[in-house]
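Undergrad: Under UniProt numbering, the first residue of the sequence shown carries the number 1, and numbering increases by one thereafter. If you scroll down you'll find the structure; I have some questions about it.
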Amino acid sequence: MSEAELATAREAGARVTAPKGRPTPKRNQTRSRGPVAPAPMTSAEARKRKKAVKQTMSKEERKADKLVRRAALAERREKMMSGEDAYLLPRDKGPLRRYARDVVDARRNLLGLFMPAALALVFVMLSLPSVQIQYYVQFVMLGLVLVMVADGLLIGRKVNKAVDAKFPDNTESGWKLGFYAASRASQLRRMRAPRPQVERGATVA
């Protein structure tokens, strides 16, 4: 093979063609795209980029994007409410916390009645301006608080005992776990997140 043929072969090999069915991009088109932007470093930068992208979208595209994001958010919330570990808040993650929630949800708790009872007592105090009635209501409120504190301590103790029996190697603080259990018990059942996975009175193994 002559030197001229070698040069021709090298020149042909240096030319990279696009895959079949795709036109080869022109040099000015490649340059116009510019380098790929790095990932945003802060949430403010991410919001700024998102706003810039929205400005280039049509009204129909923005509406479709909003519907997609709303559906994704609803799906994520539903998975969180159903107790899927990957979608839970850090405080709720793990088999230990799941078991603690089940123990609380299977029990009938006085602590969950605190907020409705407190609101009812406040309503009575505002509706009946009698000083004597308000005096007695304050004592009832104090007694209610003491009962709820006692119930919270009992719940925390029961949950810690059950968790230690099922997870003997757990290293979580008993105080933190007890507070977590009492906080969940203080919420109305229908307002708990994630939603209860066991029925009242069920046996949690």
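All C-beta atoms in this analysis are idealised placements derived from N, C-alpha and C, irrespective of residue type, glycine included.
1. Nearest-angstrom Cα distance between N160 and S58?
2. Under the assumption that R70 contacts Y87 (Cβ atoms under 8 angstroms), give the Cβ distance between them as a whole number of angstroms.
3. Pull up the distance between the alpha-carbon of R33 and that of T42, whole angstroms please.
4. Hey, could you find the ends of the alpha helix (DSSP H) S183 is sitting in?
5. Look at L73 and V163 and say whether their C-beta atoms are less than 8 angstroms apart.
6. How is the alpha helix (DSSP H) around residue 206 delimited, first residue to last?
7. Below 8 angstroms on the Cβ atoms is my guess for R184 versus V104; work out the distance and round it to an integer in Å.
8. Hey, could you find the ends of the alpha helix (DSSP H) L119 is sitting in?
TA: Straight from the coordinates:
1. Distance between the alpha carbons of N160 and S58: 56 angstroms.
2. Actually they do not touch by this definition, with Cβ atoms about 17 angstroms apart.
3. Low local confidence applies: a pLDDT of 49 at R33 is under 50, so the model's placement there is unreliable, with the coordinate-based value given in what follows. Each residue's alpha carbon lies about 24 angstroms from the other.
4. G174 to A185
5. It is not a contact, given that the beta carbons lie outside the stated cut-off.
6. Only positions 1 to 205 of the chain appear in this structure, which leaves residue 206 out of reach.
7. 5 angstroms
8. F114 to S127
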